[in-house]
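For the sequence shown, UniProt numbering assigns the number 1 to the initial residue and increments by one for each residue that follows.
C-beta atoms are modelled at their ideal positions from N, C-alpha and C, and glycine is treated no differently.
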Amino acid sequence: MDVLQLSVALSCVAVVLVYAWKILNWAWFRPRKVEKCLRQQGLRGNSYRFLFGDFKEMKMMVKEAKSKPIINFSNQDVVPRVIPFILKALKNYGIYIYIYIYIYIYIMQSNFIACQNCFMWFGPRPAVIVFDPEAIREVLSKSYIFQKPTASNPLSRLLARGVAVYETDKWAKHRKLINPAFHVEKLKHMLPSFYLSCADMLSKWEKIVPSEGSRELDVWPYLQSLTSDAISRTAFGSNYEEGRKIFELQKEQAEFIMQANRSVYIPGSRFLPTKSNKRMKETVKEIESSVLRIINKRIKAMEAGEASSDDLLGLLLESNFKEIQQRGNRFGMSLKEVIEECKLFYFAGQETTSTMLVWTMILLSKHKDWQVRARDEVLQVFGRGKPDYQELNNLKIVSMIFHEVLRLYPPAVMLARITQTESKLGKVTGWSAAYVTINYVAQ
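Structure (structure tokens):
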């Protein structure tokens, strides 16, 4: 018995030591080894700090940057506010190099710092900032080599998955099934929903602003409600009120995930019975059960021979149903995957669209000559009547304004990719698990 107990005890100690070594290697020895290799190649950056890297300084600099007002709303004012630590790293340590094993790569084009690369620390992993248009082109064109990374924090996966995170054959399958919902003929039927949402917002503004005179108004919450309402109508049609409740839960979920992503994720911490973890799991169940109820109603209606709706969910289910009938279940989406696509449609569209609209209003308020030209064009094309889909193509100036806003103030800050196999980027060969990130906001 003593021998058995001793064997069990030694086995437990061995397991603990193995895992302790793995954690210590991940949190200290491997980062130090990679830092040495990077410095030998000529890169400069902060020395690695145990576990957190540069996270604490990044968090402090972002907090400080956001505490100050934006004076001129120019691109030069916004970049230091959005990525202050990256800007500081470029100014302090910039030098030219490419990629090494187990690194994040930030590919940036900047108007104020040219061809200078360095590295910084995202927890135990370094991030190498790279300036090279050819490397950017290579990353974006070789999708089978540079693929979308999985979220380092598993909590992020609870928010939405769908076609945005899939790769290769699964991405192709979902893209094929979703495409019919965004065909030009289908989009025409969504225009009345957009018009109704805009009319509701303007009606609220007219009640707030006196008939004569003016009033200062914070448009941001109204634009968020506008995009949420429009997407709810186009995603769920007659069920849009229930859709709005789903999206409100998803918005709450996003706040929890943003808070979690501001610090280093400790493996297993998502299983702790904290208040935020419990609430996140509750929202996941509420969202999925609500979407499933709507989907089941639509499926029963389709099986009964009723015409499918022109909203996103109806078009997606119709496309999926046809694919399964023609080619079998393997070529269609499961109910879980349909739910994820609906969640993604809102999450990807709501915040990005409202951000673009608010920056458009800011720029038009600064450049009033373009504001006048845009208004004159809209009145010339539509007059005082309801907008017509066919006439939207005649809004040349409005389209130019939107494109310029997206160029200067892109809603997404960066695009990440990861190499799954040994690969080459530029003149340097990289290994699997090397991260590549393209930064939009500093272009």
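TODO: Assign Pro180 to one of three DSSP states: helix, strand, or coil.
DONE: helix
Task: From Leu191, Leu226, Glu212, residue whose alpha carbon lies closest to that of Ser200 - done: The identity of residue 200 in the sequence shown is Asp, whereas the question assumes Ser. Asp200 has its Cα closest to that of Leu226, out of Leu191, Leu226, Glu212.
- [ ] Just the C-alpha distance for Met356 and Ser197, rounded to the nearest angstrom, thanks.
- [x] 17 Å
- [ ] With a 10 Å radius around its C-beta and 16 neighbouring C-beta atoms as the bar for buried, classify Met280 as buried or exposed.
- [x] Counting every other CB atom within 10 Å of its CB across the protein chains shown gives Met280 a total of 16 or more, marking it as buried.
TODO: Identify every residue that forms a DSSP beta bridge with Trp121.
DONE: DSSP lists Pro126 as partners of Trp121.
Open item on the list: Which residue wins for smallest C-alpha separation from Val413, given the options Val15, Asp54, Val79?
Closed with: Of the candidates Val15, Asp54, Val79, the one whose C-alpha sits nearest the C-alpha of Val413 is Val79.
Open item on the list: Please report the distance separating the alpha-carbon of Ile418 from that of Thr168.
Closed with: 14 Å
Task: Residue burial classification, Leu317 (beta-carbon count within 10 angstroms, cutoff 16) - done: buried
Task: DSSP state of residue 459 mapped onto helix, strand, coil - done: Because the chain is modelled from 1 through 443, residue 459 falls outside the range shown and cannot be assessed.
Open item on the list: Which residue wins for smallest C-alpha separation from Tyr222, given the options Trp121, Glu206, Arg137?
Closed with: If you compare the alpha carbons of Trp121, Glu206, Arg137 with that of Tyr222, the shortest gap goes to Glu206.
Task: Close-in-space but distant-in-sequence residues of the same chain around Val284 (CB under 6 Å, 5 per side omitted) - done: Residues of the same chain with a CB within less than 6 Å of the CB of Val284, apart from the 5 flanking positions on each side, are Leu158 in chain order.
Task: Residues near Leu395 by beta carbon distance below 8 Å, same chain, minus five either side - done: Glu377, Val378, Val381
Task: Asn72 classed as buried or exposed, judged by whether at least 16 other C-beta atoms fall within 10 angstroms - done: exposed
TODO: Find out if the Cβ-Cβ distance for the pair Asp310, His189 is shorter than 9 Å.
DONE: yes
Task: Exposed unless 16 or more other CB atoms sit within 10 angstroms - verdict on Val291 - done: buried
Open item on the list: Could you give the first and the last residue of the continuous alpha helix (DSSP H) run that contains Gln5?
Closed with: 2-24
Task: Buried or exposed by the 16-neighbour rule on C-beta atoms within 10 Å, applied to Glu134 - done: With fewer than 16 other Cβ atoms within 10 Å, it is exposed.
Task: For Ser156, the nearest candidate out of Ala260, Ile246, Met302, Asp218 (CA to CA) - done: Ala260
- [ ] Going by DSSP, name the residue or residues bridged to Gly53.
- [x] Phe122
Open item on the list: Using the Cβ count rule (16 or more neighbours within 10 Å means buried), how would you classify Lys343?
Closed with: buried
- [ ] Could you tell me the distance, in whole angstroms, from the CA atom of Ile23 to the CA atom of Val184?
- [x] 52 Å
- [ ] Quick one: grab the DSSP three-state call for Ala230.
- [x] helix
Task: Local conformation of Asp169 per DSSP, three classes - done: helix
Task: Check whether Gly162 and Glu337 have beta carbons under 9 Å apart - done: yes
TODO: Specify, as a first and last residue, the run of the alpha helix (DSSP H) that Val291 falls within.
DONE: 275-303
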